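Asker:
Protein chains: 2
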Amino acid sequence: MTAKTLKNVRPMSGPVTDLHIVDGRFAAQAPQGADVIDCGGRILLPGLVEAHTHLDKSLLGLPWYHNEVGPRLIDKINNEREVKVALGLDPQVQSERHAILAMSYGCTHIRSHVDVDTHHGLAGIEGVMATREKLAGMVDIEIVAFPQSGMMTRPGTAELMDEALAMGADLVGGIDPCGMEHDPKGHLDTVFALAEKHGKPIDIHLHERDALGWFSMEEILDRTIALGMQGKVAISHAFCLGAVDRGYVTGLHERLAQNQIHILTTAPASAPVPAVKELKAHGILTGAGCDGIRDTWGPYGNSDMLEKAMHIGMRNNLRRDDDMALALEICTFGGAAIMQAEGYGLDVGCRADCLLVEGETLAEAIVTHAPRKLVLKGGAVTARDGACVIVAP
Amino acid sequence: MTAKTLKNVRPMSGPVTDLHIVDGRFAAQAPQGADVIDCGGRILLPGLVEAHTHLDKSLLGLPWYHNEVGPRLIDKINNEREVKVALGLDPQVQSERHAILAMSYGCTHIRSHVDVDTHHGLAGIEGVMATREKLAGMVDIEIVAFPQSGMMTRPGTAELMDEALAMGADLVGGIDPCGMEHDPKGHLDTVFALAEKHGKPIDIHLHERDALGWFSMEEILDRTIALGMQGKVAISHAFCLGAVDRGYVTGLHERLAQNQIHILTTAPASAPVPAVKELKAHGILTGAGCDGIRDTWGPYGNSDMLEKAMHIGMRNNLRRDDDMALALEICTFGGAAIMQAEGYGLDVGCRADCLLVEGETLAEAIVTHAPRKLVLKGGAVTARDGACVIVAP
Chain A
1 MTAKTLKNVR PMSGPVTDLH IVDGRFAAQA PQGADVIDCG GRILLPGLVE AHTHLDKSLL
61 GLPWYHNEVG PRLIDKINNE REVKVALGLD PQVQSERHAI LAMSYGCTHI RSHVDVDTHH
121 GLAGIEGVMA TREKLAGMVD IEIVAFPQSG MMTRPGTAEL MDEALAMGAD LVGGIDPCGM
181 EHDPKGHLDT VFALAEKHGK PIDIHLHERD ALGWFSMEEI LDRTIALGMQ GKVAISHAFC
241 LGAVDRGYVT GLHERLAQNQ IHILTTAPAS APVPAVKELK AHGILTGAGC DGIRDTWGPY
301 GNSDMLEKAM HIGMRNNLRR DDDMALALEI CTFGGAAIMQ AEGYGLDVGC RADCLLVEGE
361 TLAEAIVTHA PRKLVLKGGA VTARDGACVI VAP
Chain B
394 MTAKTLKNVR PMSGPVTDLH IVDGRFAAQA PQGADVIDCG GRILLPGLVE AHTHLDKSLL
454 GLPWYHNEVG PRLIDKINNE REVKVALGLD PQVQSERHAI LAMSYGCTHI RSHVDVDTHH
514 GLAGIEGVMA TREKLAGMVD IEIVAFPQSG MMTRPGTAEL MDEALAMGAD LVGGIDPCGM
574 EHDPKGHLDT VFALAEKHGK PIDIHLHERD ALGWFSMEEI LDRTIALGMQ GKVAISHAFC
634 LGAVDRGYVT GLHERLAQNQ IHILTTAPAS APVPAVKELK AHGILTGAGC DGIRDTWGPY
694 GNSDMLEKAM HIGMRNNLRR DDDMALALEI CTFGGAAIMQ AEGYGLDVGC RADCLLVEGE
754 TLAEAIVTHA PRKLVLKGGA VTARDGACVI VAP
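So the protein lines, in turn, are chains A and B.
Each residue of the first sequence is one higher than the one before, starting from 1 at the first, in our numbering.
Each residue of the second sequence is one higher than the one before, starting from 394 at the first, in our numbering.
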């Protein structure tokens with residue numbers, strides 16, 4: 001039996017108290033002789049949840065990549081497929097570097113989309129699976145088989161997706177059925193057929209804006225209903241929910257809520273974004289992610305989901321303390337619920353996945369996002385003073 | 394005579410070289426016995442320029458302010474006027490705290506709007522002037538007399554503005570002539586009359602969006618031309634230049650360029666923003682600022698103009714290295730040119746206002762915005778390893 005007591009801690013910025021951990025879970029009390037950690041009155045949060053990223057493709061640890069890529073989505077996709085070869089990118093090494101960086105910021109759960117294409121086959125899936133194995137117990141990694149380069153436009157990809165799911169990918173991914181695939185029926189029928197065959201949930205990238213995105217979203221809704229997949233489908237990005245025509249968007253919000261379709265926002269500053277307060281009002285489960293970081297798509301991002309909560313707040317014009325709590329909820333409980341993370345939270349019986357942050361209030365913790373004093377996963381220390389206890393390769 | 398040599402330094406991320414400083418300015422060579430500072434191959438930038446902030450109103454150093462303020466601009470303005478009294482906010486102390494924080498990030502020049510109203514009179518101006526005096530030589534502070542609560546709507550304010558300018562405020566401020574003042578003619582006539590009387594330039598807050606903002610901007614243009622004030626008028630925020638109708642915006646860009654009206658962007662994530670690449674293409678001088686930080690308006694902001702360069706990049710979807718250089722230019726040379734900062738730059742003869750930043754490239758320096766190794770103002774050290782050499786009150 002291992003036991004710890006977190007002394008002088010403020011769960012969710014509440015009053016100072018002591019919390020106990022026995023065998024990796026929060027407990028009502030600790031036995032004599034438990035390790036005592038003085039938390040100095042700091043705020044305790046449940047582990048941060050990175051619910052939309054791309055572990056296989058960051059360029060962390062490599063020389064600076066001079067980005068001269070064209071402006072369209074397809075420019076970035078085509079460039080990346082080639083550059084991965086030129087740079088000899090190793091998805092195992094890159095995903096380990098990326099995951100360790102996320103852990104240093106207090107991330108305990110990651111959902112990663114991983115490229116599957118006819119150029120690189122299943123190398124990405126294999127690499128991220130190896131990292132998942134290597135970091136088992138320190139961070140939970142969920143893998144989405146992601147047809148980044150298209151399935152309709154690249155024959156042979158659907159078969160690789162099928163293999164990836166058989167190998168151990170947890171979810172079926174998808175991408176802009178119109179804008180990228182030019183065949184919404186073909187793409188979505190394939191995605192849902194794979195989900196049905198493997199009994200796995202879906203998480204689709206949808207960058208399409210305005211009416212084009214609405215059309216694709218309705219097509220996703222129709223298939224979700226037809227297959228009884230309520231609660232098992234998530235849409236990432238969902239820029240079309242940030243459209244100016246709120247009347248149409250409200251109708252979509254209602255259908256999404258009715259069919260328990262989840263939204264994962266990356267809250268980019270330069271694209272329309274789902275309005276998180278409206279999602280909340282409609283009861284739509286919402287999570288968030290940093291998206292790709294430091295990759296051939298762009299130089300931004302650092303895997304810090306507390307900073308991402310700040311970006312969600314800034315993008316959604318959240319200024320009041322009560323509104324900012326929503327930004328944090330999305331980066332913790334929201335993402336965890338979408339990932340169906342077992343035993344998530346700070347209650348007795350929950351897994352002791354948690355972190356100490358600086359600040360008087362949750363809002364201050366978000367805007368400060370100071371280095372994390374301590375991060376625990378299943379009660380064991382994974383990061384201290386902003387550094388992960390294991391060193392990246 | 395004082396002399397320094399910056400060894401192993403990469404000006405603007407160029408090749409490694411040595412730079413010399415004699416009596417506070419960059420020099421072709423240094424005399425024997427000059428202090429030698431090994432810069433470890435780091436990038437040297439000219440001092441960061443915070444060209445739009447509010448030094449008089451941050452809540453830095455005070456207990457967390459629980460924001461429960463209403464959603465409209467006027468809610469924030471009315472709330473702030475009252476809260477300043479309730480909190481006993483001292484503009485001298487707050488501006489000193491704020492300026493020292495900015496200096497720790499490598500800021501060497503600040504343009505601050507300072508509230509002038511019938512409730513607080515000239516207390517803000519006096520406080521920031523005292524800080525300017527106290528920090529003289531360590532950071533240059535320009536003061537805009539700013540009628541935050543309106544002049545048309547609060548009789549007596551214009552007279553106080555007149556006094557502020559006579560006392561030493563450097564510029565005439567203004568605010569939404571329609572949306573806030575409900576009297577564009579009255580407001581702008583007063584602003585331009587004050588500028589003419591005192592022979593001082595203008596910097597107007599313009600939050601008005603779309604056609605309303607365009608109207609106010611045209612009114613500003615007309616008065617600039619009528620009074621021959623080309624080159625002496627700046628518009629802050631200018632959200633209306635972020636409007637969807639780019640045809641109309643392009644026409645405005647052309648008139649702004651012809652009349653040398655400058656734009657200061659704060660690049661908020663939740664409002665439309667001027668497109669910085671379009672401003673550049675039209676030859677419109679552009680600077681940037683963090684706006685108010687940690688105040689009753691909202692909890693965000695930290696005075697780091699290198700992080701602001703990142704936000705400008707994210708908001709404008711700048712991903713290529715060459716595009717990101719523009720974001721940095723705005724936060725350095727752009728703001729400096731608007732403030733007409735004497736001897737700004739890294740050339741021989743320029744004032745040695747500069748900072749060492751981490752990264753292989755300018756883009757990496759921006760996205761990393763790691764603590765600044767060293768900051769110099771007039772050749773003297775003002776910050777080291779992320780901390781200002783003087784301690785905030």
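Built from N, CA and C at the ideal position, the CB exists for glycine as well.
Small disclaimer: the values here were computed from a predicted structure and weren't measured.
Taking C-beta pairs closer than 8 Å, name the residues in chain A that N652/B reaches, listed in chain order.
Answerer: Translated into positions along the second sequence, residue 652/B becomes position 259. In chain order: nothing, as chain A lies at least about 29 Å away.
Asker: What residues from the segment 452-479 of chain B come within 8 Å of chain A, judged by C-beta to C-beta, listed N to C?
Answerer: P456, W457, H459, N460, E461 and V462
Asker: Which runs of the beta strand (DSSP E), 3 residues or longer, sit entirely within the segment 398-479 of chain B?
Answerer: 410-415, 418-420, 428-431, 436-439 and 441-446
Asker: My output table needs one value for H502/B: the three-state DSSP class, helix, strand or coil.
Answerer: Stepping through the second sequence from its first residue, residue 502/B is reached at position 109. H502/B sits in a strand when the DSSP states are folded into three classes.
Asker: So D140/A is in the beta strand (DSSP E); what residue range does that whole segment cover?
Answerer: Numbered from 1 along the first sequence, position 140 holds the residue referred to as residue 140/A. Segment D140 to F146, the beta strand (DSSP E) holding D140/A.
Asker: Should P272/A be flagged as near chain B, meaning a C-beta pair shorter than 9 Å?
Answerer: The residue labelled residue 272/A in the question sits at position 272 within the first sequence. Taking 9 Å as the CB threshold, P272/A stays off the interface with chain B.
Asker: Check each residue of the segment 293-313 of chain A: if its Cβ is closer than 9 Å to any Cβ of chain B, include it; give the result in chain order.
Answerer: R294, W297, G298, P299, Y300, G301, N302, M310, H311 and G313
Asker: Can a CB atom of chain B be found closer than 9 Å to the CB of E360/A?
Answerer: Numbered from its first residue, the first sequence carries residue 360/A at position 360. It does: the Cβ of E360/A has a partner Cβ on chain B nearer than 9 Å.
Asker: Distance, Cα to Cα, A352/A vs P439/B?
Answerer: Residue mapping note: residue 352/A aligns to position 352 of the first sequence, counting from 1. Residue mapping note: residue 439/B aligns to position 46 of the second sequence, counting from 1. Cα to Cα, A352/A sits roughly 47 Å from P439/B.
Asker: Compare the beta carbon distance of A627/B and D596/B with 9 Å and say whether it is the shorter of the two.
Answerer: Locating residue 627/B in the second sequence gives position 234, where the first residue counts as 1. Locating residue 596/B in the second sequence gives position 203, where the first residue counts as 1. Yes, Cβ-Cβ distance for A627/B and D596/B is below 9 Å.
Asker: Find out if the Cβ-Cβ distance for the pair C240/A, P272/A is shorter than 9 Å.
Answerer: Along the first sequence, one-based indexing puts residue 240/A at 240. Along the first sequence, one-based indexing puts residue 272/A at 272. Yes. Within cutoff.
Asker: Could you tell me whether any Cβ in chain B is nearer than 9 Å to the Cβ of P15/A?
Answerer: On the first sequence, residue 15/A is found 15 positions in, with the first residue counted as 1. By this cut-off, P15/A is not an interface position.
Asker: Measure the C-alpha to C-alpha separation of A718/B and G549/B and round it to an integer number of angstroms.
Answerer: Locating residue 718/B in the second sequence gives position 325, where the first residue counts as 1. Locating residue 549/B in the second sequence gives position 156, where the first residue counts as 1. When rounded, the distance between both Cα atoms is 45 Å.
Asker: Can you have a look at R639/B and say buried or exposed, based on whether 16 or more other CB atoms are within 10 angstroms of its CB?
Answerer: For the purposes of this step, residue 639/B is identified with residue 246 of the second sequence, where counting begins at 1. By the 10 Å Cβ count, R639/B comes out exposed.
Asker: So if DSSP puts R777/B in a beta bridge, which residue, or which two residues, is it bridged to?
Answerer: In the second sequence, the residue the question calls residue 777/B occupies position 384. Looking at the DSSP output, R777/B bridges to L767/B and A780/B.
Asker: Can you look up G680/B in the DSSP assignment and give me helix, strand or coil?
Answerer: Position 287 of the second sequence, counting from 1, holds the residue named residue 680/B. In this structure, G680/B counts as strand in the three-state DSSP scheme.
Asker: Please specify which runs of the alpha helix (DSSP H), each continuous and at least 4 residues long, are wholly inside the segment 256-281 of chain A, giving them in chain order.
Answerer: 276-281
Asker: Measuring straight from C-alpha to C-alpha, what distance separates I330/A and A363/A?
Answerer: As a first step, residue 330/A is located in the first sequence; it is residue number 330 there, counting from the start. As a first step, residue 363/A is located in the first sequence; it is residue number 363 there, counting from the start. Near 14 Å, if we compare the C-alpha coordinates of A363/A and I330/A.
Asker: Assuming H630/B is part of the alpha helix (DSSP H), what are its boundary residues?
Answerer: The residue labelled residue 630/B in the question sits at position 237 within the second sequence. No alpha helix (DSSP H) holds H630/B; the beta strand (DSSP E) holding it covers V626 to H630.
Asker: If you measure between the beta carbons of V367/A and P692/B, is that distance less than 9 Å?
Answerer: Taking the first residue of the first sequence as position 1, residue 367/A is located at position 367. Taking the first residue of the second sequence as position 1, residue 692/B is located at position 299. Cβ atoms of V367/A and P692/B: closer than 9 Å.
Asker: Looking at the secondary structure, which residues open and close the beta strand (DSSP E) in which L581/B lies?
Answerer: Along the second sequence, one-based indexing puts residue 581/B at 188. That residue, L581/B, is in no beta strand (DSSP E); its alpha helix (DSSP H) goes P577 to H591.
Asker: What are the residues of the segment 230-261 of chain A that lie near chain B, defined by any Cβ-Cβ distance shorter than 7 Å?
Answerer: none
Asker: Can you find at least 3 beta carbon pairs, one from the segment 309-329 of chain A and one from the segment 643-654 of chain B, that sit closer than 8 Å?
Answerer: no
Asker: Does any C-beta atom of chain B lie closer than 9 Å to the C-beta of E96/A?
Answerer: Along the first sequence, read from residue 1 onward, the residue named residue 96/A stands at position 96. False, the Cβ-Cβ gap to chain B never drops below 9 Å.
Asker: DSSP three-state label for C350/A, please.
Answerer: Position 350 of the first sequence, counting from 1, holds the residue named residue 350/A. The answer is coil: DSSP assigns C350/A none of H, G, I, E or B.
Asker: Who are the neighbours of M324/A on chain B, taking C-beta pairs under 9 Å?
Answerer: In the first sequence, the residue the question calls residue 324/A occupies position 324. In chain order: N460 and P692.
Asker: If you compare alpha carbons, which of D582/B, L649/B and M622/B is closest to W607/B?
Answerer: Within the second sequence, numbered from 1, the residue matching residue 607/B stands at position 214. Nearest of D582/B, L649/B and M622/B to W607/B, Cα basis: L649/B.
Asker: Can you pull out the residues from the segment 192-224 of chain A whose beta carbon lies closer than 7 Å to at least one beta carbon of chain B?
Answerer: none
Asker: Within 10 angstroms of its Cβ, does H426/A collect 16 or more other Cβ (buried), or is it exposed?
Answerer: Because residue 426/A is not part of the residues shown, which for chain A are 1 to 393, the question remains open.
Asker: List the residues of chain B that R42/A touches, going by C-beta distances under 8 Å, in chain order.
Answerer: Indexing the first sequence from 1 puts residue 42/A at position 42. Simply none; closest approach about 14 Å.
Asker: Just list the alpha helix (DSSP H) runs in the segment 313-360 of chain A, keeping only unbroken ones of 4 residues or longer that don't cross its boundaries, in chain order.
Answerer: The alpha helix (DSSP H) runs lying completely inside the segment 313-360 of chain A and spanning 4 residues or more are 321-329 and 335-338, given in chain order.
Asker: Can you tell me which residues form a DSSP beta bridge with A396/B?
Answerer: Mapped onto the second sequence, residue 396/B falls at position 3. Bridge pairing for A396/B: V415/B [DSSP].
Asker: Would D714/B pass as an interface residue toward chain A - the criterion being a Cβ-Cβ separation below 9 Å?
Answerer: Taking the second sequence and counting its residues from 1, one reaches residue 714/B at position 321. At least one chain A Cβ lies under 9 Å of D714/B.
Asker: Sort M129/A, G24/A, I74/A and S270/A by Cα distance to G379/A and report the nearest one.
Answerer: What you label residue 379/A is simply residue 379 of the first sequence in a count that begins at 1. Comparing Cα positions, the closest option is G24/A.
Asker: Could you tell me whether any Cβ in chain B is nearer than 9 Å to the Cβ of N317/A?
Answerer: For the purposes of this step, residue 317/A is identified with residue 317 of the first sequence, where counting begins at 1. By this cut-off, N317/A is an interface position.
Asker: Could you list which residues in chain A have their beta carbon closer than 8 Å to that of V750/B, in chain order?
Answerer: Walking along the second sequence from the start, residue 750/B turns up at place 357. The contacting residues do not exist; V750/B stays about 14 Å from chain A at best.
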